[in-house]
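Each number in this note's numbering corresponds to the 1-based position in the sequence shown with 511 added.
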Amino acid sequence: MLIYSTGASTPIVSINGPSVVNANEPLRLQGAVLASAAVVTSWSSSAASLDLTSAGVVSTPPASSNLVVNANRLSAGQTYTFTLTANDVVHGVSGFASLTVYVNKPPAGGACTASPSRGFALNTSFAIRFWRTRLRQA
């Protein structure tokens with residue numbers, strides 16, 4: 512998370528959320544704003560094609576300090592930077608915070624093996640081995 516200040520009475524903005532998410536799960540970001548006057552908040556993304564004002568993309572109101580991006584709206588293997596901006600409507604200054612999120616790729620390739628390769632149900636013990644995926648860690 513990066514926090515920036517652009518003026519003397521600048522709103523202080525922060526974002527809490529994961530740095531890694533699965534594409535099939537919603538992304539939940541919690542924003543917070545500390546300001547001495549009324550502010551208007553807005554979210555933006557590094558992906559121009561991601562409309563954060565569309566109800567099909569997000570399930571939070573456009574001016575909310577929180578953001579929930581619906582499941583299956585982010586592309587696997589991509590990195591997104593989300594920015595929450597707070598505009599102080601009295602003093603004309605703004606502050607913002609950004610958070611970068613990586614979207615995990617789904618598992619691919621691999622194999623499933625059984626040993627022994629033949630046997631009888633309820634009579635033969637089988638060892639089953641599945642492939643593993645390496646998820647990117649936060």
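By construction, the Cβ of each residue, glycine as well, lies at the ideal position given by its N, Cα and C atoms.
Between the alpha carbons of Trp554 and Thr611 lies a gap of roughly 13 Å.
No residue range can be given for Asn634, since it is assigned to no beta strand (DSSP E) and is classified by DSSP as neither H nor E. Burial is judged here by how many other beta carbons sit within 10 angstroms of a residue's own beta carbon; Gly542 has at least 16 and is buried. Exposed is the label assigned to Gly603, since fewer than 16 other Cβ atoms lie within 10 Å of its Cβ. Separation of Ala597 and Phe641 (C-alpha to C-alpha, rounded to the nearest whole angstrom) is 48 Å. Counting only the Cα atoms, Phe637 lies some 8 Å from Ser628. The DSSP-derived three-state label of Arg629 is coil.
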